[in-house]
Every structure is written in C-alpha cells, then in structure tokens.
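Letter 410 of the sequence shown, counting from 1, is numbered 483 in the working numbering, and no numbers are missing.
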Amino acid sequence: MSILLAALSLFPGQTAQLKAVPFHASGLYHVGEKVGWKLTGLAPGQYSCVIRRNNKIELAESVRSGNAGSFEISWPADEPSMIYAEVTPPGGGKPVALGAAIEPTRITPSEARPKDFKQFWDAKIAALRRVPENAHVTEKPTDQQDITYGTVVMDHVGGEHVYGQLARPKAPGKHPALLQLQWASPPYPLDKWWVMGYAKQGFIALNIEPHDVPTDAPASFYQGLPNSIKNYNAIGQGDRDKNYFVNMYLRGVRALDYLAKDPDWDGKTLVVIGTSMGGQQSLCLAGLHPKVTHLIVNVPAGCDINADLHGRQGGYPNFNVKDPKVAATAPYVDAVNFAPDIKATCLVAMGFIDTVSPPCGIWAAFNQIKGPKEVAPMPESPHNHLATPAQLKPYTDRSAVWLTALGKSQPVVVQGVKY
Numbered sequence: 074m075s076i077l078l079a080a081l082s083l084f085p086g087q088t089a090q091l092k093a094v095p096f097h098a099s100g101l102y103h104v105g106e107k108v109g110w111k112l113t114g115l116a117p118g119q120y121s122c123v124i125r126r127n128n129k130i131e132l133a134e135s136v137r138s139g140n141a142g143s144f145e146i147s148w149p150a151d152e153p154s155m156i157y158a159e160v161t162p163p164g165g166g167k168p169v170a171l172g173a174a175i176e177p178t179r180i181t182p183s184e185a186r187p188k189d190f191k192q193f194w195d196a197k198i199a200a201l202r203r204v205p206e207n208a209h210v211t212e213k214p215t216d217q218q219d220i221t222y223g224t225v226v227m228d229h230v231g232g233e234h235v236y237g238q239l240a241r242p243k244a245p246g247k248h249p250a251l252l253q254l255q256w257a258s259p260p261y262p263l264d265k266w267w268v269m270g271y272a273k274q275g276f277i278a279l280n281i282e283p284h285d286v287p288t289d290a291p292a293s294f295y296q297g298l299p300n301s302i303k304n305y306n307a308i309g310q311g312d313r314d315k316n317y318f319v320n321m322y323l324r325g326v327r328a329l330d331y332l333a334k335d336p337d338w339d340g341k342t343l344v345v346i347g348t349s350m351g352g353q354q355s356l357c358l359a360g361l362h363p364k365v366t367h368l369i370v371n372v373p374a375g376c377d378i379n380a381d382l383h384g385r386q387g388g389y390p391n392f393n394v395k396d397p398k399v400a401a402t403a404p405y406v407d408a409v410n411f412a413p414d415i416k417a418t419c420l421v422a423m424g425f426i427d428t429v430s431p432p433c434g435i436w437a438a439f440n441q442i443k444g445p446k447e448v449a450p451m452p453e454s455p456h457n458h459l460a461t462p463a464q465l466k467p468y469t470d471r472s473a474v475w476l477t478a479l480g481k482s483q484p485v486v487v488q489g490v491k492y
C-alpha cells in the first residue's frame, strides 16, 4: 500500500509526490521484525528524520539525502509499543508523520488502577440514583414519517440537569437502544440528525449534552457561557470529587438508566457510541453500567491521562499531571481504568499518528476489556477532525456493519487483529 504524504515544490510548474510504503501494509509488527517505511518521490536536498517510541522517547534521529529519489527509515521491533516517525522535507517544510504498532495487544496501562476505584464510583452512582429522575420529554416536529423526535430533560446531582434529544421508530414492537456521547468543545447545540439517523436504522436513540446546557438554544446562548465552562477540562483537575468529568460520566449513567426503563426497549441491545471525548465517555459508561451490551468508539480520548509521567505521549483532556494532586486525581476519570469492568462486545478504533488521543493509551484500554472485542487500526490516521475519509475507512466500514446488524437486533461478527 502506497501512502501519498505530500507534494514538494521542485521548481515552478513541477512537484515531487512524496510517498511512504510501510514494510507491513497493516502497520502492525511482531517483536523481532523491523518497523519501517520506504519513502519515494523525494525532492533533492536533506530530509530530517526522527523516530520516537509512543511519540515520547526519541529512538533515532538522522539526516537523509533525497537526491537518489528514495530512502528507507526503520527501527527494530523490540518491545510492545507504538512507533511514531516524522520526516521533515528540505527547507523546513511541514513534517510528515508515520505510525506503526509493535505487538500492540501486549501494551499495558502505565499505572495500576487505584484500589478504591470501584468504591469511589459505586458511591457516586448511588448518590446519583437517590436524585429522582423527573424526566420530561417535549415532542418536536419532524418531516420524517417513520420516526418521532423530541428533547428530554432529567434532574441530575447538585441541582444540575441532563439535557438530551431522543428519537425512535414509529413501528410498533420492541427496539434496540443506543446512547450517543459527544466530542470535546466548548458547549454547543446538538444536531437532530445525530439521533434521527440512528432511529431510522431501528434504534431508540438518545444523544445527551456532556454539560449542563440545553440541546437547542440559540448560538448566542453558547457564546455567552462563562469561560470556566468553555474550559471545563480545567475544573477540579486536582480534586476527584469536583473533577468535571465525574458529573459528565454520571450524566451518561442517568441516560442509560432512562433507556433501560423504556417500555419499547427490546431488553437485548443497548449500545454506547462516541468519538474522541464521546469515545472516552462511552468506555467509562460501558464499565460503569452493566446493561450496556455493545460499545463502538473511534479515537477515544482520556486513555492513560498520566502518560507523560511514564514515557508516553499524553493527550486530551490535557491535565497538568506534573502537579501531584492532578496526577492523583486523573486515574479516577481515566478510561483505561473503566475498561476491566466492560462486559459488552466492543469495537475500538485508533489512529496511529493521532496526537490528540494517542494510540498507545487506547490500546492499553482495549487490552483491559475482557468481553468480545474488535479493533479497527487506522495506521495512516491523525485525530478524526484532521483525517481524510480514506484514513478513517477502517472504522467507518466496520462501524457501519456493526450498526446495521445491531439496528436489526442481530449479532455482530467480531474480527480478530490482523498483522
């Protein structure tokens, strides 16, 4: 498989097409093999090359000539880890990123789970369930004849609320259910098609805000929110009881409780799905809520939050883990630590050159899941919002297959890791 990386200027009217061909098209290697790429279509001049383990520890640095039109960069596959390489073209152009995985199913968490982790979360969920749900659904008009749509508000801990949007098939009978969780950003409204599309596939679909804000307010409302809420990942970083992500995850627990009581739920299929921070929430909820049967996540954030303390690149939510109080709090909201309790059937995708949700932490979470599971490696992909459809194809193809089956309450066929 040839990967087009960049167009480099040679002289007016001509460009060189820089391509990289990985030694293994899958991007996966066994220990004892050689990780690497052959680069072709090079412009004359000097290329700076650096190889890092887990995009943190530098393994090799070199300057290579492009005058011959091609060269190889490589590293011995010596231990389970991610390999991240950067090639900078002549003249200091934008570096090109390359990624590979060495026996990634053997990557382990960088830290042990806190001994009181389950006790902490059991207490939080018990406190949540002492607050009456008081769900209120407001039906909204839709031009779709086969589904209904509306908004829902529920009471939450601390006087806050869970805001969501809900869609379901009009067809009589029992249906599978699905909860979609949202990606990171200052608070924003929810597009109704984020649930209506799932309802048309056969799901009772609920999509909730991660914040205490309505789903459909005017743009001016979200723009006028306090900066503290827009920078919510900074709230309570050093205090596990005040950490913003605790109440965020509890919002998801409330939403799953609501779906599990729906009289039209088939009682067999309850899916959590999300991308980036939505994937982070999904992993945590699948570990917290035993009724979740399936998990589908793309580039989940929040995996191995303290990674920078252990020779691995950290990512979102970008806690200041150099602060000992923050580092002590992080494990209680780290998705890796919820994964051992997941019994659901899981589909997990990661981009090998993702620096927002680094793949090493996602593999560590995936490897802790005890139930049936499938991974969708995306060796050419950065984070989802930076990726092309071709780079995301391993996830989009497999998630489409899963959702088609689950929307019909049919089983999914889990595929193994392919080197």
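Just so it is clear, CB atoms sit at the ideal spot from N, CA and C, and this is done for glycine as well.
Determine contact between the region 167-183 and the region 196-211, defined as no fewer than three beta-carbon pairs at a distance below 8 Å.
no
Does the region 171-182 come close enough to the region 145-162 to have 3 or more Cβ pairs within less than 8 Å?
Touching, yes.
Expressed to the nearest angstrom, what Euclidean distance is found between the alpha-carbon atoms of Pro-432 and Tyr-317?
Approximately 24 Å between the Cα atoms of the pair.
Inspect the CB distances between the region 277-290 and the region 225-239 and report whether three or more fall short of 8 Å.
Yes, the region 277-290 is in contact with the region 225-239.
Between the Cα of Ala-158 and those of Ser-121, Asp-264 and Asp-314, spot the shortest distance and give me the residue it belongs to.
Ranking Ser-121, Asp-264 and Asp-314 by Cα distance to Ala-158 puts Ser-121 first.
Contact between the region 350-369 and the region 410-419 is defined here as three or more beta-carbon pairs at a separation below 8 Å; is this criterion met?
By the Cβ criterion, the region 350-369 is in contact with the region 410-419, since at least three pairs of Cβ atoms, one from each stretch, lie closer than 8 Å.
If you drop the 5 nearest sequence neighbours on each side, which residues of the same chain put their C-beta closer than 7 Å to that of Gly-311?
Asp-396, Lys-398, Val-399 and Thr-402
First and last residue of the beta strand (DSSP E) that includes Val-160?
In the DSSP assignment, Val-160 falls within the beta strand (DSSP E) that extends over 154-161.
Asn-207 versus His-229, Thr-221 and Ile-146, residue with shortest Cα-Cα distance:
His-229
DSSP on Trp-256, reduced to helix/strand/coil?
coil
Bridge partners for Pro-242 per DSSP, in chain order?
Ile-220
Just list the alpha helix (DSSP H) runs in the region 415-455, keeping only unbroken ones of 4 residues or longer that don't cross its boundaries, in chain order.
432-441
Coil, strand or helix - Asn-410 by DSSP:
helix
What residue range is occupied by the uninterrupted beta strand (DSSP E) comprising Arg-126?
Note, Arg-126: beta strand (DSSP E), 119-126.
Looking only at C-alpha atoms, which of Ala-292, Ser-454, Met-269 and Ala-437 sits nearest to Tyr-261?
Ala-292
Can you check DSSP and say which residues form a bridge with Phe-144?
Leu-112
Rounded straight-line distance, which links the Cα of Ser-355 to that of Asn-306:
17 Å
Just list the residues that DSSP pairs Gly-347 with in beta bridges.
Leu-254 and Val-370
For the beta strand (DSSP E) containing Gly-172, name the first residue and the last one.
169-175
Pair within 8 Å by beta-carbon distance, Thr-428 and Gln-386
yes
Going by DSSP in three states, Val-474 sits in which element: helix, strand or coil?
helix
Taking the C-alpha atoms as reference points, what is the distance between Ala-93 and Gly-489?
If you draw a straight line from the Cα of Ala-93 to the Cα of Gly-489, it comes to about 26 Å.
Counted within 10 angstroms of its Cβ, other Cβ atoms place Pro-484 as buried (16 or more) or exposed
With fewer than 16 Cβ atoms within 10 Å of its Cβ, Pro-484 is classed as exposed.
For a test of the three-state rule: what should DSSP assign to Pro-462, helix, strand or coil?
helix
Rounding to the nearest angstrom, what Cα-Cα distance links Thr-366 and Gly-142 in this structure?
52 Å
Could you give the DSSP three-state label for Ala-133: helix, strand or coil?
strand
With H, G and I counted as helix, E and B as strand and the rest as coil, what does DSSP make of Tyr-389?
coil
Quick one: grab the DSSP three-state call for Gln-310.
coil
Beta-carbon gap between Met-451 and Ala-422 smaller than 8 Å
yes
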